[in-house]
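> The numbering of the sequence shown is numbering that gives the first Met the number 0, which starts it at 0 and goes up by one. Every residue gets a Cβ at the ideal spot worked out from N, C-alpha and C, and that includes glycine. Let me begin by handing over the structure; questions about it come next.
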Amino acid sequence: MRDWLRQFRPCKVITCCFALFFFLLTITTAGIVRFAFPAGNGNEEALLWGISGTSWRIFHWYISLTFAIFLILFIILNWRWIQDKSFETICSKIEKKGKKRRK
Numbered sequence: 000m001r002d003w004l005r006q007f008r009p010c011k012v013i014t015c016c017f018a019l020f021f022f023l024l025t026i027t028t029a030g031i032v033r034f035a036f037p038a039g040n041g042n043e044e045a046l047l048w049g050i051s052g053t054s055w056r057i058f059h060w061y062i063s064l065t066f067a068i069f070l071i072l073f074i075i076l077n078w079r080w081i082q083d084k085s086f087e088t089i090c091s092k093i094e095k096k097g098k099k100r101r102k
């Protein structure tokens, strides 16, 4: 069974890299939309690198959607690790409470 799991390791790394890339791109486009094209300034025809504010907002939407897809895929691929770590954390907290009550 371990051999079966090992074949997914490159997939996890690639998914993690893409999720990080799209996260950074989402943050970048959010900054551009927020600061270069603030809402209500009445200047919808302004351009940044030849792209209008509306186009930047659409681009930001699709980049954010792609990031969400990679994030969900990342969680699916690492679900066992997430369960193991959360179980360890819960068990350690229960043990600490038990030790405090015994004292």
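Which residues in the same chain as F111 place their Cβ atom closer than 7 Å to its Cβ, once the five residues preceding and following it in sequence are excluded?
Within the shown structure, residues of the chain are numbered from 0 to 102, placing residue 111 beyond reach of any answer.
> Between the Cα of K103 and the Cα atoms of E87, N77, I26, which residue gives the shortest distance?
Coverage of the chain is limited to positions 0 through 102, which leaves residue 103 absent and any answer about it impossible.
> Return the residue from the list F86, W55, I74 that minimises the CA-CA distance to L24.
It is W55 whose Cα lies nearest to the Cα of L24.
> Is any heavy atom of the ligand HEM found at a distance shorter than 7 Å from the C-beta of I26?
This structure does not include the ligand HEM; it has no bound ligands of any sort.
> Taking the straight line between their C-alpha atoms, what separation do you get for W80 and I26?
W80 and I26: Cα-Cα distance of roughly 27 Å.
> Let me check understanding here. Comparing Cα to Cα, which of R8, W60, I13, P9 lies closest to G30?
Nearest option by C-alpha distance: W60.
> Would DSSP call P37 helix, strand or coil?
DSSP places P37 in coil when its eight states are reduced to three.
> Whose C-beta lies closer than 7 Å to the C-beta of F22 among residues of the same chain, with five residues either side of it excluded?
Excluding sequence neighbours, F22 sits near F66.
> Beta-carbon within less than 6 Å of V32's beta-carbon, same chain only, minus the 5 sequence neighbours each way: which residues are those?
For V32, where only same-chain residues beyond five positions count, the Cβ hits under 6 Å are W55, R56, H59.
> Please name the residue in K84, T88, L72 whose C-alpha comes closest to that of L19.
The shortest C-alpha separation from L19 is found at L72.
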